[in-house]
Amino acid sequence: MVSYLHGTADPARHDRLFPADLFVFETNPLSVAYGACGVLYGLQSLAGDVPRALADWVLKRDVSTAAYPPGLYLGQAGIAWVLGRLGFRDRSAALLRAARAHPLLWDSAGILYGAAGYGLACLRLWREDAGQEFLDDAVRAGDRLAASAVLDERGARWPNADGSVYLGYAHGGSGIALFLLYLSLATGSAGARRLGREALRFELGHGKWIDGRFAGFPARVTGGEEPAPEAAALSCYWDTGSAGIGASLVRYAKVAPEPDDQLWLARLGTDAGRKYTAFPQLFRGLAGLGNFLLDLWLHTGDPAHLLGAWQAAEGILLFGIERPEGLAFPGDQVRRESADFATGAAGIGLFLHRLLATGNGKPANFNFVLDEWLPLDSAHQ
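Numbering (this note's numbering), first residue to last: 643 to 1023.
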């Protein structure tokens, strides 16, 4: 897979560096999700280094606020995170400072491209000694999220202009909750953790059952609490479904467990335990399911979750395409090969790499989290 990523890189192009989902042309060429930075992040983890010519392709770009949004997976915050990981710390800090002043910074609450993802990147740079200013920025993001939340007996949520509410990790409350958990660990703020718990409570309250069996979550609910018509399909995936909500919940269960956590984690793990899905990808496919199952295994020590992750890997390999450059995978809707982090080989490769590392200890989650702040996994001490 590393050979494929190296072999398909094309620094002569200006619109993209690697084969990617079509969203790379509708967003920008550098993003974590669909652009060069997500693939370089994968290469650095899988191969140990990144060829200078590929890094230079990124460094030569003007990551302006006019052309790039501020967020984590689609914009400046995520690019800054990756630049820091690649060793370009001054460029990383300068870019995150630019995101601080972005006019769209507070337009969305979520992890994917909103305030929570920006705040998470601020915590990462502060953790890496980039300066107190970034912890201050993370606190500011947490304060904005607290001020904009709707909180009642059902829990906390961040409604859209039409009153509907996104669910799930990418756009909804569970991704926001995880940022708030890390913020509480960084600052000692119990209020941030409590708000995150309330966000998870709202999300879990919208889980659905079919014929007595837990069946996942809709991507969005209306102001009347019913699934939005175009989002009524129930999801088990990382971006909108059980795997992403579970990824947040399992970390809350490590830090401040509540009585129903294990019951919910068992439900979510069962829903994520699949060998066959429509796509092999990280955001909405088997790699994201398997990555969550590895989190569950690390938390519980239950070998069934590790077995489930291996089964997900077996399903992923059924999608593999042998190419002269190496092993390729189809992207979203299986329309074209993709190397990107969200839908293609980079995200898939990182999951498979993490899975293979389970034979040598406790492999860290690669998907832009801050798990070094969590307590040790009691099942694997």
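Beta carbons: idealized from backbone N, C-alpha and C, even for Gly. Keep in mind the model is a prediction, meaning the values are calculated, not measured.
| field | Range of the contiguous alpha helix (DSSP H) that encloses Glu-668 | value | Taken as a continuous stretch (DSSP letters only), the alpha helix (DSSP H) holding Glu-668 covers 665-668.
| said: Give the list of continuous beta strand (DSSP E) stretches no shorter than 3 residues that lie fully inside the segment 929-968. | reply: List check, beta strand (DSSP E) in window: 963-965.
| Buried versus exposed call for Ser-706 [16 or more other C-beta atoms within 10 Å across all chains shown] | Exposed, because fewer than 16 other Cβ atoms sit within 10 Å of the Cβ of Ser-706.
| message | In the DSSP assignment, the beta strand (DSSP E) including Ala-857 goes from what residue to what residue? | response | 855-858 is the extent of the beta strand (DSSP E) around Ala-857.
| query | From which residue to which residue does the beta strand (DSSP E) around Ile-753 run? | reply | Segment: none, Ile-753 is in no beta strand (DSSP E) and carries neither H nor E.
| said: Buried or exposed for Ile-963, going by 16 or more other Cβ atoms inside 10 Å? | reply: Per the 10 Å Cβ criterion, exposed.
| task | Over the uninterrupted alpha helix (DSSP H) stretch that includes Trp-851, give me the two end residues. | result | Element bounds for Trp-851: not the alpha helix (DSSP H) but the beta strand (DSSP E), 850-852.
| query | Closest to Pro-712 by CA distance: which of Leu-1012, Ala-984, Leu-664, Ala-783 is it? | reply | The option with the nearest alpha carbon to Pro-712 is Ala-783.
| task | Note down, in chain order, each residue of its chain lying with its Cβ closer than 7 Å to the Cβ of Trp-906, except the 5 sequence neighbours on either side. | result | Cβ within range, chain order: Leu-846, Leu-891.
| said: Residues in the same chain with beta-carbon distance under 6 Å from Phe-821, minus the five sequence neighbours each way, listed in chain order, please. | reply: For Phe-821, where only same-chain residues beyond five positions count, the Cβ hits under 6 Å are Ala-758, Gly-761, Leu-762.
| task | Compute the Euclidean distance between the alpha carbons of Asp-645 and Phe-983, then round it to the nearest angstrom. | result | The sequence shown places Ser at residue 645, rather than the Asp named in the question. CA-CA distance, Ser-645 to Phe-983, rounds to 16 Å.
| Roughly how many angstroms lie between the CA atoms of Thr-864 and Leu-793, to the nearest whole one? | Going from the Cα of Thr-864 to the Cα of Leu-793 covers about 16 Å.
| Where does the unbroken beta strand (DSSP E) through Ala-798 begin, and where does it stop? | 797-799 is the span of the beta strand (DSSP E), which, as asked, contains Ala-798.
| query | CA-CA distance, Ala-857 and Thr-912? | reply | Those two C-alpha atoms are separated by around 10 Å.
| Taking DSSP as the reference, what is the three-state secondary structure of Gln-1023? | With a pLDDT of only 35 at Gln-1023, under 50, the local geometry of the prediction cannot be trusted, and no value is derived from it.
| request: Would you kindly report the start and end of the unbroken alpha helix (DSSP H) that includes Asp-785? | output: Membership of Asp-785 in the alpha helix (DSSP H) is indicated by the continuous run 774-790.
| DSSP state of Arg-862 mapped onto helix, strand, coil | Look at Arg-862 here: in three-state DSSP terms it is strand.
| Option in Arg-862, Ser-816, Leu-682 with minimal Cα separation from Ile-1080 | For the chain, the structure presents residues 643 to 1023; residue 1080 sits outside this window and is missing.
| field | Helix, strand or coil at Ala-708 according to DSSP, with G and I counted as helix | value | Coil at Ala-708, not helix or strand.
| Considering only residues of the same chain and omitting the five flanking positions on each side of Ala-841, which have a CB-CB separation below 6 Å? | Excluding its 5 nearest sequence neighbours in each direction, Ala-841 has C-beta neighbours in its own chain below 6 Å: Ala-798, Gly-815, Ile-818, Ala-819, listed in chain order.
| request: Note the first and the last residue of the continuous alpha helix (DSSP H) segment covering Asp-913. | output: Asp-913 -> alpha helix (DSSP H) spans 903-914.
| query | So what does Glu-979 bridge to, in DSSP terms? | reply | Residue pairing from DSSP places Glu-979 in a beta bridge opposite Pro-972.
| So, is Trp-800 buried or exposed, given that buried needs 16 or more other C-beta atoms within 10 angstroms? | Burial call: buried.
| Hey, is the segment 772-782 in contact with the segment 804-813, meaning 3+ C-beta pairs nearer than 8 Å? | Three or more Cβ pairs closer than 8 Å define a contact, and the segment 772-782 falls short of that threshold against the segment 804-813.
| request: Taking all protein chains shown into account, decide if Ser-1020 is buried (16 or more other Cβ within 10 angstroms of its Cβ) or exposed. | output: Because Ser-1020 carries a pLDDT of 43, less than 50, the predicted location of this residue cannot be relied on, and no value is offered for it.
| message | Let me make sure I understand the geometry here. Which of Phe-660, Gly-1003, Trp-880 has the alpha-carbon closest to that of Gly-684? | response | For the options Phe-660, Gly-1003, Trp-880, the alpha carbon positioned closest to that of Gly-684 is the one of Phe-660.
| field | 7 Å Cβ shell around Gly-649 - same chain, five flanking residues per side excluded | value | For Gly-649, where only same-chain residues beyond five positions count, the Cβ hits under 7 Å are Glu-967, Gly-968.
| query | Which whole-angstrom value describes the C-beta separation of Gly-1068 and Tyr-879, a residue pair presumed to lie in contact below a C-beta threshold of 8 Å? | reply | Since the displayed the chain opens at 643 and closes at 1023, residue 1068 lies outside it and no answer follows.
| said: Within a Cβ cutoff of 7 Å, which residues of the same chain sit near Ser-826, ignoring the five residues on either side of it in sequence? | reply: When the five nearest sequence neighbours on each side are left out, the beta carbons in the same chain lying within less than 7 Å of the beta carbon of Ser-826 are those of Ala-832, Ala-834, Arg-835, in order along the chain.
| query | Under the three-state reduction of DSSP, which class applies to Tyr-811: helix, strand or coil? | reply | In the displayed model, Tyr-811 falls within coil according to three-state DSSP, outside both helix and strand.
| query | How many angstroms separate the CA atom of Tyr-720 from the CA atom of Gln-686? | reply | Residue identity differs from the one stated: residue 720 is Gly in this sequence, not Tyr. Each residue's alpha carbon lies about 15 Å from the other.
| message | Between the alpha carbons of Ser-972 and Leu-647, how many angstroms are there, rounded? | response | A small correction: the amino acid at residue 972 is Pro; Ser does not occupy that position in the sequence shown. Rounded to the nearest angstrom, the two C-alpha atoms are 14 Å apart.
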